[in-house]
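A.B. asks:
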Amino acid sequence: MNETVHQEKISPTNGRSSTGKGLRTEEMVINMGPQHPSTHGVLRLEIVVDGEIIREVIPHLGYLHRCFEKHCEYMINYQQVVPYVDRLDYVASMNNEHAFVVAAERLLNIEIPERVHYIRIIMAELQRIASHLIAIGTFGIDMGAFTPFLHAFRDREKILDLFEMTCGARLLYNYMMIGGLSHDLPPQFIEKTKQFCVEFKQTLKEIDDLLNYNEIFIKRTANVGILPKDVAVNYACSGPMLRGSGVDWDLRRDDPYTLYDRFEWDVCIGKGENGTVGDVWNRHMVRQREMEQSVKIIEQAIVNIPEGDVKKAVPKRIRPVPGEIYSRTESPRGELGFYIVATDSLTPYRVKGRSPGFVNLSVINEISRGAMIADLVAIIGSTDIVLGEVDR
Amino acid sequence: MTPQEIHDIIKSQFGEIILEAKLENVPDPSIKIQPEKIKEVSLFLRDDERTQFDVLMCLSGVDYKGKLGVTYNLFSMTLKHKITVKVEAPTETPNIPSVESVWKTANWHEREAFDMYGIHFEGHPDLRRILMPYDWEGYPLRKDYETPEFYNGMRVPY
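Chains A and B, in that order, give the protein sequences. Our numbering numbers the first residue of the first sequence as 1 and each following residue consecutively. Our numbering numbers the first residue of the second sequence as 1001 and each following residue consecutively.
#1: From the DSSP output, which residues share a beta bridge with H36(A)?
#2: Of the residues R87(A), V42(A), P83(A), G51(A), which one's Cα is nearest the Cα of R24(A)?
#3: Specify the secondary structure class of T258(A) as computed by DSSP and reduced to three states.
#4: Identify whether C167(A) lies in helix, strand or coil by the three-state DSSP scheme.
#5: Applying the 10 Å Cβ sphere with the 16-neighbour rule, what's the burial state of L242(A)?
#6: With a CB to CB cut of under 6 Å and the five nearest residues on each side skipped, what residues in its chain are close to I1038(B)?
#7: Give me the chain A residues within the contact set of D1144(B), using Cβ-Cβ distance strictly less than 8 Å, ordered along the chain.
#8: In chain order, what residues of the same chain have a beta carbon less than 7 Å from the beta carbon of I1033(B), not counting five sequence neighbours either side?
#9: Check whether the Cβ atoms of I119(A) and L171(A) lie closer than 8 Å to each other.
#10: What does a CB cutoff of less than 8 Å around Q288(A) pick up in its chain, not counting 5 residues either side in sequence?
#11: Kindly identify the DSSP beta-bridge partner or partners of F1075(B).
#12: With DSSP as the reference, label K1143(B) as helix, strand or coil.
#13: Just list the residues that DSSP pairs E1020(B) with in beta bridges.
#14: Could you name the residues of chain B that F358(A) contacts, counting a contact when the two beta carbons are closer than 7 Å?
#15: What whole-angstrom Cβ distance do Y257(A) and V359(A) have, given they're in contact under 8 Å?
#16: Comparing C-alpha positions only, which one of V231(A), S93(A), R333(A), G334(A) sits nearest to L160(A)?
#17: Am I right that L43(A) and S355(A) are in contact with their C-beta atoms under 8 Å? What's the rounded C-beta distance?
#18: Give me, in chain order, the residues of the same chain whose beta-carbon lies closer than 8 Å to that of N1152(B); leave out the 5 immediate sequence neighbours on both sides.
#19: Taking DSSP as the reference, what is the three-state secondary structure of D1008(B)?
#20: According to DSSP, is Y78(A) part of a helix, a strand, or is it coil?
#21: Could you check how far apart the C-beta atoms of I269(A) and H40(A) are, in whole angstroms? I think they sit under 8 Å.
#22: Cβ of K1082(B) within 8 Å of Cβ of L1074(B)?
#23: What would DSSP say about R350(A), mapped onto helix, strand or coil?
#24: Determine which residues of the stretch 1053 to 1075 of chain B have a Cβ less than 7 Å from any Cβ of chain A, and write them out in chain order.
#25: When DSSP builds the beta bridges, which residues end up paired with Y339(A)?
#26: Distance, Cα to Cα, Y173(A) vs M165(A)?
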């Protein structure tokens, strides 16, 4: 540890000890987590501070490592990986399943009925809203605002009810199958989703009023933890983290998978209305605006959803063509990719989950240097990590 | 730019370093090169204006039984093309130059590959375990890995 000696210059008495020598300050290492409400899970940070100023942040991961990749190599077939994928990013399970089944289907060359694609997109977008509601709600709590959290969770509950009526589960669904879906939509689903979309627009406005343009909240988040464009790209940040830095990039539009190119919606980027582009406030606002766009996609999808059999293309036996594939989709946190190596065996030879949380977290040392300890809470909150996918 | 053109650019720039290329009839076209050249090739692919691979999407270690491989999935945001670069090194001496200085995102990915496969990335600034405990022995994702009986006095298999 470097010992630095600072000479006090402000006034002759201020900061001087009784011996008359200059006050000696030195860097200190403090520990945050793994059990800490603001680390959003079991993340441990070793923070080198000089007074309140952060000099370095060293994350220590692995407290939630559950050997996902090792498990994949011991499955009987590819379909058995899906429940494990659910448990990676446990607040956005539908998006994880979507990413994995899309990867597996590309590897197997299966053609999927259009109805399946539509239902998957509806589910993925509903889940994106649910996940962003958690991100926004808990971020509000981190910043000392409790009420928006309750509003956010009230509406998340409605989405979970929709999922429950579709597949019986509220959090970990095991809903998507390679080649199809485990259940078709229940009779009232379309109607209830339409109703949700109408009601949800009101919530968006409420959150805007309660949190986003609140003076205290802006003071707390604007100009904090600025992530410049080029650093974001070099660190391969993705999702709201990248768009908050003003990079106009969304995999759903720029590298389209399934049927996303059929819908009309906008990519939201940080515009710097408050603070600087790339700061915590702008990242937060990207999430807020993305929920609006997700509603737009859902509204288009439920109107145009075609008829069909959701289990028609499900293969009896999944035997992939030997080869390897890297397939990526846009999860609420960013680019969720799966690198799969297939041999002629029924078991995957290698599965790597490229989780957006893992990559987005790696930039934390870069953006929190020079910030205050209290700002670090804001920065972690704005990266929106879920330790389930960081540690896998 | 098509994978064939990228292949030709690498070939004209570096000569005979391409060991194998799968460019057609595969979901992700890939080029396998000599492991000791990976850093130069990466830097070239990032900075050359014809390729501009500014994003390293994913870096994964793979155990090919007897050889350890690393797969680099590259993507260019500006030109919107992809390529997969692969290297392989023998399991006994798995030394591969680090590309951390080219793409910072490789830092944690390489630490993970070191953690799981024991691939030694030369020139990495901070090659520590990342997901497993720091005092863990062995490399869990290797195909010949055997789960230890005990870790710090705790029984591992259950």
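Think of the CB as a built atom: it goes at the ideal place given N, C-alpha and C, for glycine as much as any other residue.
C.D. replies: The short version:
#1: Locating residue 36(A) in the first sequence gives position 36, counting from the first residue. Partner(s): G41(A).
#2: As a working mapping, residue 24(A) is identified with position 24 in the first sequence. The shortest C-alpha separation from R24(A) is found at G51(A).
#3: Counting from 1 along the first sequence, the entry for residue 258(A) is found at position 258. T258(A) falls in the coil class under three-state DSSP.
#4: For the purposes of this step, residue 167(A) is identified with residue 167 of the first sequence, where counting begins at 1. C167(A) falls in the helix class under three-state DSSP.
#5: As a first step, residue 242(A) is located in the first sequence; it is residue number 242 there, counting from the start. Buried, since its Cβ has 16 or more Cβ neighbours within 10 Å.
#6: Here residue 1038(B) refers to the residue found at position 38 of the second sequence. Excluding residues within five positions, the ones whose Cβ falls inside 6 Å are V1087, P1097.
#7: If you number the second sequence from 1, residue 1144(B) lands on position 144. Here the premise fails: no neighbours, minimum Cβ distance about 13 Å.
#8: Within the second sequence, the letter at position 33 stands for residue 1033(B). Only I1017, I1018, L1019, V1041, V1085, V1087 meet the Cβ criterion.
#9: Locating residue 119(A) in the first sequence gives position 119, counting from the first residue. Locating residue 171(A) in the first sequence gives position 171, counting from the first residue. No, they are not a contact pair.
#10: Locating residue 288(A) in the first sequence gives position 288, where the first residue counts as 1. If we look at Q288(A) and ignore the five residues flanking it on each side, its Cβ neighbours are H132, I136, L204, I207, D208, N212.
#11: Within the second sequence, numbered from 1, the residue matching residue 1075(B) stands at position 75. Answer is V1055(B), K1082(B).
#12: Residue 1143(B) sits at position 143 when you count from the first residue of the second sequence. If DSSP states are grouped into helix, strand and coil, K1143(B) belongs with coil.
#13: The count along the second sequence starts at 1 and reaches residue 1020(B) at position 20. For E1020(B), which the question treats as bridged, DSSP gives the partners K1032(B).
#14: Counted from its first residue, the first sequence places residue 358(A) at position 358. By Cβ distance, chain B contributes W1108.
#15: If you number the first sequence from 1, residue 257(A) lands on position 257. If you number the first sequence from 1, residue 359(A) lands on position 359. Actually they are not in contact, since the Cβ atoms of Y257(A) and V359(A) sit about 19 Å apart, beyond 8 Å.
#16: Locating residue 160(A) in the first sequence gives position 160, counting from the first residue. Of the listed residues, the one whose Cα sits closest to L160(A) is S93(A).
#17: As a working mapping, residue 43(A) is identified with position 43 in the first sequence. As a working mapping, residue 355(A) is identified with position 355 in the first sequence. Actually they are not in contact, since the Cβ atoms of L43(A) and S355(A) sit about 14 Å apart, beyond 8 Å.
#18: By one-based count along the second sequence, residue 1152(B) stands at place 152. Around N1152(B): D1135.
#19: As a position in the second sequence, residue 1008(B) is number 8, starting the count at 1. D1008(B) falls in the helix class under three-state DSSP.
#20: Here the question's residue 78(A) lines up with position 78 in the first sequence. The answer is helix: DSSP assigns Y78(A) an H, G or I state.
#21: For the purposes of this step, residue 269(A) is taken as residue 269 along the first sequence, with counting starting at 1. For the purposes of this step, residue 40(A) is taken as residue 40 along the first sequence, with counting starting at 1. The Cβ separation is near 24 Å, so there is no contact.
#22: For the purposes of this step, residue 1082(B) is taken as residue 82 along the second sequence, with counting starting at 1. For the purposes of this step, residue 1074(B) is taken as residue 74 along the second sequence, with counting starting at 1. Their beta carbons are under 8 Å apart, which means K1082(B) touches L1074(B) by this criterion.
#23: Residue 350(A) sits at position 350 when you count from the first residue of the first sequence. Of the three classes helix, strand and coil, the one that applies to R350(A) here is strand, per DSSP.
#24: D1054, V1055, L1056, M1057, C1058, S1060, V1062, T1071, N1073
#25: Looking up residue 339(A) in the first sequence gives position 339. Bridge partners of Y339(A): Y326(A), K352(A).
#26: Within the first sequence, numbered from 1, the residue matching residue 173(A) stands at position 173. Within the first sequence, numbered from 1, the residue matching residue 165(A) stands at position 165. Taking the straight line from one Cα to the other gives about 11 Å.
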